[in-house]
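What follows is a single structure, written as structure tokens, with notes after it.
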Amino acid sequence: MRNLSLHLRCWIALTVTIATVLTILAVLVILQHDAMLSHLTRQRLSVVAEATAAPFRDVAAMGLPITSVRNAEGLLSRAKETDPNISAIELLSASGDIIKSTGEKLDSELADELSHAQVLNKDGKWDLEDTDSVASGRSIVNESGTLLGSVVAIYPKKELQDRSAHIRKDITLAAVALLAIFSALSFLLFRLKLLGAIGGVISLQAGLKDTSGEASAAHSDVSNKNPTGEDYGFLTQEVITLHNDLIGASKQYKAAMKEMGYCAAETITPASPFSNPELLNTQLIAIPQTVLDRNAARQILPWAAALVIGPALLLGVVAYISVGQSFHPELVKRTQLIGTIADATMQRTVNAGVPIESMVGGTEYFRHLLAEFPEISYFGVSTDYPIIEVGEDQHTASTLNRALSNTHKLPIYLNGKVVGTVTTQSNSAYIAELFKSVALDLGVIIIVIVLLALELIAVMMSVSLTAPLNRLHYIVALQAAGNFSTCIASLSRDVVDQVSTCLSERAKALHAMFQRARLAAVNGTPPLAETVDLNSIGKAFGLHDIGPRWIRFCSLIDVRLALFLFAAADEMETSFFSIFVKSAHNPIPWLSEGAVTSLPLTAYLIAVLTVTPFVRPLSERFGHRRLFLVAAAATVIAKLGMCVAGNVPAITFFNLMCGAGYAFASLACQDYVLDVAHKDERARSLGLFSAAMFGGIFAGSALGGILADRLGYSAVFVISAALILVSGALIYWQLPHQRHVDSRMTDRPRRSSKDVFATFRNPRFASLAFGIIAPQAILDMVFISYLLSLLMESLGASAADIGRLLMIYFLMIIISGSLYGKLAERGVSARNIVLPGSFIGGTSLLVAATWPSIGMMGFAMIGAGVGHGLVRGPQTAMVMDVAETSLAHLGTNSAIAAARITERSASIVALVCIATAADYIGYVGAVYTIAILVLSGALLYLSASNPSRDS
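Per my numbering, the sequence shown runs over residues 1 to 951.
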């Protein structure tokens, strides 16, 4: 079983990842189903309420009170008969009192909510949902617009709850089955892929015990075959190298002991407590990407990703089928309801003495119904032959349309005999569009789940396999070269780190021997051997009086998942935040509605701008971990404060806290990556950093709207706070408590704030700041966050269309951000990545502004996302490059602070100016302005930059 410890560790980690992904997907699917089913039910009730309210509106149009309708109770009763499951049809007065009702007395709380809803909704159409019922109301107003009352249809939620329970059962059973199947597959995967590798790692323990030099000859030939004849899979070459290094390290260990006159059996206790890394300064280092990382990525990650994404896709298919089956009865009821309304109208006409053959003029009435109810494609009235036909008969359409369509026929009676038939057919295109919307929502959820799964897999593979092996490779290579100056801190208990622990113990033992010998020499005690030269021994084997140097390995993996979750939490309210602010109480009546709605966003940007220059100095003083945790705590308080904030000033204050918290947290993570990454790895790390951050932004903006539809705004803020708590826990667990001291800054005096502005005197930095950084910030903040929704609304797009366009934008940023890392690895200069990115983004906006349409806005989202993803990563690397060369006398802090101030200031100034100018030049003109700014900036940087300096 010991031989399978790493196998089981990786299997358990992947199983937990699969379970997490399936659980999140199942919960979101259930929530989405419940929200969609509730929406369809309210729509059906609105048809009943609209049809029932029509006679009362006719009376109100004549200036009579609605109480003068004599057969009011009969009208309500006939409306209730259209669906026996309707619990009540109510006729309310303007004050909310019940005038007529077909059901029992309403609960006082529900009655108050109905009264409040009819007053708030001035357009006359409103819906309401509580724990026990769903209601849809239609207001009745006179010619002057005065509210006279409402007709409300109330439906019990038991049917919805039963369907929801059925869906929960189906999805849960499918998720459990998929988890069992893919967990078993993952066990087999790791057994096949890792068993040989694990055998090689276990063999290292045996090799460590061989302290004689006799085996070195047998292992001196590093070839593609293992000397013992065993195959260690993709770790074969790595294990052979480690075997040889371990033998070399053992020889060096014996040699050091022999030089100091000790034998191998002796155990020396150090004279001072240098064996405790917490009492000493632990050095933080980063290891560049190794062959092991690339081999693990090729051999394990694709299979692991397939084992996580596969069940998510299959569960999505199961969910789509189950949701379709759950919606089918509701769609049939809608068709029957509208047919019943049409049949009742025809029946009243026949009862009034109008022959059914003379109803050819009723075509206009049915055309009005088709326009009012898009879910119906065909109305027909017939006897032995068709009298009226309006719309498209689905029986003459394609096979697919016939399969999707529902036909409902109702008889028309005269003197107890059937004299005709009313036929209604559901609109297959409407049903397909409905399911298309469901499929798109499920697709978005699956994409979010896949992004989360990739982050989880990356962390799992690093923690379980590559990071321990990299640590072992580092220390064994040092000791094989005769350097025992280093011990590794923060080791786990897995089989790989056990070997590293043994090597660290050897280093500590040698330092204890050296310290004891040095103390003996200081106290005048004869040395252990007359010929011992302690200075030479210490220099040869890296031994010191104060003990070994403790190191801890750092990488992007330490902050990647936490950054993803924090960014997702921060963006969750994006889809509804403006609506949330607009609906809040406004105690500042002298400000316009638009100005009041923009206050929280402006406060957020100002907070980000204000705290940005202080992030790096504070992270150097207090450490990245502590700064992130403080920012996370403040953001959690702000998110929870949003739940209870009842007015705009309170929302503005808490959003100000959110802006400051997000700036501190995200930039602390970025500074951590900049500080620990090797210069050669910086471009790749920053590309992955941007991909992780925008992956979180994509996930948050996509999920926030879905959760808000089902759970409400307050619940989204609570979930957001919970995600931030999880990200804080990850940072507390992953990041070292020690401060990272940048060796480039240790010998330099602190600089004043004047140095920040002095950076703009440098032509390289100025062209980068004003040509690349500022225009990209304007594109992202002004076009994406402000103009896009307004322009799309003017083009007739829905909120769902706008949300999907934003998802395209963020997805393109994720893809192109990852592409940037690969281009940098192949030697493509940052300048040759930034310039095409800027031109792609600017050109796509220019084309979309020239031919404005919903389709062209999609093209603009693709171009802007690709361009922004290509620019964001390298622009930070270029700032660091300028800071370390042309601006070395000012320091990296000044350059980074100046870049960040440029980005935030440009966003705020451009937002105010372009928002004001849009009243005169229009939204399209504003997009033109941004496109010209981006393209002009790229030309400015092209003319001012030097390819040889920026390569």
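Where is the CB? At the ideal position from N, CA and C, for every residue including glycine.
All figures in this text were calculated on a predicted structure; none of them were measured in a lab.
Exercise. May I ask you to report which of helix, strand or coil DSSP gives K258?
Key: Along the sequence shown, read from residue 1 onward, the residue named residue 258 stands at position 258. Helix, per DSSP.
Practice problem: Below 6 Å CB to CB, which residues in the same chain sit around V741 once its five sequence neighbours on both sides are set aside? | Solution: Working through the sequence shown from its first residue, we reach residue 741 at position 741. Any reading at V741 must be qualified, since the residue scores a pLDDT of 45, below 50, and its modelled position is unreliable; no value is offered.
Quiz item: At what residue ranges does the stretch 35-87 contain a whole run of the beta strand (DSSP E), taking only runs of 3 or more?
Solution: Taking only runs of at least 3 residues, no beta strand (DSSP E) segment lies wholly in the stretch 35-87.
Quiz prompt | alpha helix (DSSP H) runs contained entirely in the stretch 86-167, provided each spans 4 or more residues | solution = The alpha helix (DSSP H) runs of length 4 or more contained entirely in the stretch 86-167 are, from start to end of the chain, 108-120.
Quiz item: Buried or exposed: where does P600 fall if 16 or more other Cβ atoms within 10 Å of its Cβ makes it buried?
Solution: The sequence position of residue 600 within the sequence shown is 600, counting from 1. Buried is the call here.
Quiz item: Which of helix, strand or coil does DSSP assign to E392?
Solution: Along the sequence shown, one-based indexing puts residue 392 at 392. Coil.
Quiz item: Taking C-alpha atoms, which residue in M257, V354, L91, R348 lies nearest to G482?
Solution: By 1-based counting over the sequence shown, the position of residue 482 is 482. Closest option to G482, Cα to Cα, is M257.
Self-check item: Limits of the beta strand (DSSP E) - the one that S838 falls within
Solution: Position 838 of the sequence shown holds residue 838. In the DSSP assignment, S838 falls outside any beta strand (DSSP E) and within the unbroken alpha helix (DSSP H) covering 831-850.
Self-check item: Minimum C-alpha distance to M460 - residue among T20, D919, Y474
Solution: Here residue 460 corresponds to residue number 460 of the sequence shown, with the count starting at 1. The candidate whose alpha carbon is nearest that of M460 is T20.
Quiz item: Mind checking whether M792 and L779 have CB atoms under 8 Å apart?
Solution: Mapped onto the sequence shown, residue 792 falls at position 792. Mapped onto the sequence shown, residue 779 falls at position 779. The Cβ-Cβ distance between M792 and L779 does not fall below 8 Å.
Quiz item: What are the boundary residues of the alpha helix (DSSP H) that P874 is part of?
Solution: Locating residue 874 in the sequence shown gives position 874, where the first residue counts as 1. Counting along the chain, the alpha helix (DSSP H) containing P874 begins and ends at 854-884.
Quiz item: From L534 to V499, what does the alpha carbon distance come to, in whole angstroms?
Solution: By 1-based counting over the sequence shown, the position of residue 534 is 534. By 1-based counting over the sequence shown, the position of residue 499 is 499. Near 28 Å, if we compare the C-alpha coordinates of V499 and L534.
Quiz prompt | Coil, strand or helix - T423 by DSSP | solution = Taking the sequence shown and counting its residues from 1, the one referred to as residue 423 is at position 423. Strand at T423.
Practice problem: Quick one: give me the first and last residue of the alpha helix (DSSP H) that I778 is part of. | Solution: Residue numbering aside, residue 778 sits at position 778 when the sequence shown is read from its first letter. Looking at the DSSP string, the run of the alpha helix (DSSP H) that includes I778 is 774-778.
Exercise. Determine the closest residue to G74 out of L148, N85, L469, K100, with distance taken between C-alpha atoms.
Key: The residue you call residue 74 lines up with position 74 of the sequence shown. If you compare the alpha carbons of L148, N85, L469, K100 with that of G74, the shortest gap goes to K100.
Practice problem: With a 10 Å radius around its C-beta and 16 neighbouring C-beta atoms as the bar for buried, classify F546 as buried or exposed. | Solution: Here residue 546 refers to the residue found at position 546 of the sequence shown. Here residue 546 is Ile; the residue named in the question, Phe, does not match the sequence. Result: exposed.
Practice problem: Taking the CB atoms as reference points, tell me whether A117 and T102 lie closer together than 8 Å. | Solution: In the sequence shown, residue 117 corresponds to position 117, counting from 1. In the sequence shown, residue 102 corresponds to position 102, counting from 1. Not closer than 8 Å, so no.
Self-check item: 7 Å CB neighbourhood of T486 in its chain, flanking five on each side removed
Solution: Along the sequence shown, one-based indexing puts residue 486 at 486. Only I475, L478, A507, P548, R549, I551 meet the Cβ criterion.
Self-check item: From L887, S905, P852, residue whose alpha carbon lies closest to that of Y923
Solution: The residue given as residue 923 occupies position 923 in the sequence shown. Ranked by Cα distance from Y923, the options L887, S905, P852 are led by P852.
Exercise. Classify M62 as buried or exposed, calling it buried when 16 or more other Cβ atoms lie within 10 Å of its own Cβ.
Key: Stepping through the sequence shown from its first residue, residue 62 is reached at position 62. By the 10 Å Cβ count, M62 comes out exposed.
Practice problem: If I'm right that D130 touches E104 with Cβ under 8 Å, what's the distance once you round it to whole angstroms? | Solution: In the sequence shown, residue 130 corresponds to position 130, counting from 1. In the sequence shown, residue 104 corresponds to position 104, counting from 1. Not confirmed; about 16 Å, so no contact.
Quiz prompt | Among Y920, S77, D34, the one whose alpha carbon lies nearest that of A955 | solution = This structure does not reach residue 955, given that the chain is present from 1 up to 951, and the question cannot be answered.
Quiz item: Going by other Cβ atoms of all chains shown within 10 Å of its Cβ, with 16 needed for buried, is N85 buried or exposed?
Solution: Mapped onto the sequence shown, residue 85 falls at position 85. When all chains shown are included, N85 counts as exposed.
Quiz item: What span of residues does the beta strand (DSSP E) with F783 cover, start to end?
Solution: Residue numbering aside, residue 783 sits at position 783 when the sequence shown is read from its first letter. Counting along the chain, F783 falls outside any beta strand (DSSP E), and DSSP gives it neither H nor E.
Exercise. Measure the Cβ-Cβ separation of G728 and F564 and say whether it is below 8 Å.
Key: Locating residue 728 in the sequence shown gives position 728, where the first residue counts as 1. Locating residue 564 in the sequence shown gives position 564, where the first residue counts as 1. Going by C-beta atoms, G728 is not nearer than 8 Å to F564.
Quiz prompt | Sequence-distant residues of its chain with Cβ nearer than 6 Å to F765 (five each side left out) | solution = The residue labelled residue 765 in the question sits at position 765 within the sequence shown. T759, V882.
Quiz item: Which runs of the alpha helix (DSSP H), 4 residues or longer, sit entirely within the stretch 626-677?
Solution: Qualifying alpha helix (DSSP H) stretches, in chain order: 648-676.
Quiz item: Within 10 angstroms of its Cβ, does P613 collect 16 or more other Cβ (buried), or is it exposed?
Solution: Position 613 of the sequence shown, counted from the start, is the residue given in the question as residue 613. In the assembly as shown, P613 is a buried residue. Its beta-carbon has 16 or more other beta-carbons within 10 Å.
Quiz item: What's the call for S220, buried or exposed, on a 16-neighbour Cβ count within 10 Å?
Solution: Looking up residue 220 in the sequence shown gives position 220. Low per-residue confidence applies at S220: pLDDT is 39, beneath 50, and the placement is therefore not dependable, though the value from the model is reported in the following sentence. The residue is exposed, with fewer than 16 neighbouring Cβ atoms inside 10 Å.
Quiz item: Any idea what DSSP makes of C913, helix, strand or coil?
Solution: Translated into positions along the sequence shown, residue 913 becomes position 913. In the three-state reduction of the DSSP assignment, C913 falls in the helix class, which pools H, G and I.
Self-check item: Integer Cβ distance of I896 from R616, believed to fall under 8 Å
Solution: The sequence position of residue 896 within the sequence shown is 896, counting from 1. The sequence position of residue 616 within the sequence shown is 616, counting from 1. Their Cβ separation, rounded to whole angstroms, is 6 Å, which keeps I896 and R616 in contact under 8 Å.
Quiz item: For I457 and chain D, any beta-carbon pair shorter than 8 Å?
Solution: Annotation note: the requested chain D is absent from the structure, which comprises a single protein chain.
Self-check item: 7 Å Cβ shell around V636 - same chain, five flanking residues per side excluded
Solution: Working through the sequence shown from its first residue, we reach residue 636 at position 636. Around V636: A721, I724, L725.
Quiz item: Candidates L40, V151, A304, G443: which alpha carbon is nearest I12's?
Solution: On the sequence shown, residue 12 is found 12 positions in, with the first residue counted as 1. I12 has its Cα closest to that of A304, out of L40, V151, A304, G443.
Quiz item: If D34 and S164 are in contact, beta carbons under 8 Å, what's the gap, nearest whole angstrom?
Solution: Position 34 of the sequence shown, counting from 1, holds the residue named residue 34. Position 164 of the sequence shown, counting from 1, holds the residue named residue 164. Confirmed, about 5 Å.
Self-check item: C-beta contact flag for G339 and V422 at 8 Å
Solution: Translated into positions along the sequence shown, residue 339 becomes position 339. Translated into positions along the sequence shown, residue 422 becomes position 422. By the CB criterion at 8 Å, G339 and V422 fall inside the cutoff.
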